[in-house]
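Structure, as structure tokens:
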Amino acid sequence: MTVQGNDIDFIGAGWNYPLGTDATGGVALVTRDREIEQAIRLILGTAVGERPMRPEFGCRIHDHVFNTPSSATAGQIAYDVRQALDRWEPRIDVLDVGVGFDAMASGVLYIDIRYSIRSLNDPRNLVFPFYVIPATPELPATPENGGA
289 MTVQGNDIDF
299 IGAGWNYPLG
309 TDATGGVALV
319 TRDREIEQAI
329 RLILGTAVGE
339 RPMRPEFGCR
349 IHDHVFNTPS
359 SATAGQIAYD
369 VRQALDRWEP
379 RIDVLDVGVG
389 FDAMASGVLY
399 IDIRYSIRSL
409 NDPRNLVFPF
419 YVIPATPELP
429 ATPENGGA
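Numbering (the numbering used here), first residue to last: 289 to 436.
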């Protein structure tokens, strides 16, 4: 695929996340679609309010850590992901966000993000695992836990 003009410059390059070094001892860099993928993961992995100097940065999916899995929860998570990416990642268009509760018993749900890189009109897919605290059944009342 050929890139015309400065389209590749719009995508850019950035430091690898997590920060590391390359073979020459310099800061490891990522470019093109890999840099966008890391930016998406950084946005989704940051809770709103987590960064003191930029408290509005991040995604509100972390508000759902204790929510019961349901279609309403899935819809809210998809909405929060779309809002965060629309606001913080100008290099992409979000095409669809799906939420799967397949592994909910183990505390993992999968957020499937379909997006297109604007300057290349190149559709991509990213699956982001989100870890939640699964609901546990109530313990039976025993003298040890204050029950009868």
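The C-beta atom is built at its ideal place from N, Cα and C for all residues, glycine as well.
Mark residue i as exposed unless 16 or more other C-beta atoms lie within 10 angstroms of its C-beta, in which case mark it buried.
{"i": "ASN311", "result": "The amino acid at residue 311 is misidentified as Asn; the sequence shows Ala. Flag for ALA311 reads exposed."}
{"i": "GLY308", "result": "exposed"}
{"i": "ALA362", "result": "buried"}
{"i": "THR360", "result": "Going by the sequence as given, residue 360 is Ala instead of Thr. Under this definition ALA360 is an exposed residue."}
{"i": "LEU460", "result": "A query on residue 460 cannot be resolved here, the shown segment of the chain reaching from 289 to 436 and no further."}
{"i": "TYR419", "result": "exposed"}
Between the Cα of residue i and the Cα atoms of the options, which residue gives the shortest distance?
{"i": "LEU397", "options": "LEU330, THR356, ASP321, ASP410", "result": "THR356"}
{"i": "PHE389", "options": "GLU338, SER358, LEU317", "result": "SER358"}
{"i": "ASP321", "options": "SER404, THR334, GLN364", "result": "SER404"}
Tell me the DSSP secondary structure of residue i in three-state form.
{"i": "SER394", "result": "helix"}
{"i": "THR312", "result": "coil"}
{"i": "ILE401", "result": "strand"}
{"i": "MET289", "result": "Caution is warranted here: a pLDDT of 42 is assigned to MET289, below 50, making its placement in the model unreliable, and no coordinate value can be reported."}
{"i": "LEU330", "result": "helix"}
{"i": "ILE421", "result": "coil"}
Are the beta-carbon atoms of residue i and residue j separated by less than 7 angstroms?
{"i": "GLY386", "j": "ASP400", "result": "yes"}
{"i": "CYS347", "j": "ALA366", "result": "no"}
{"i": "VAL353", "j": "ILE421", "result": "yes"}
{"i": "ASP374", "j": "ARG406", "result": "no"}
{"i": "ARG379", "j": "ILE324", "result": "yes"}
{"i": "ARG412", "j": "LEU383", "result": "no"}
{"i": "LEU414", "j": "ILE349", "result": "no"}
{"i": "VAL318", "j": "GLN326", "result": "yes"}
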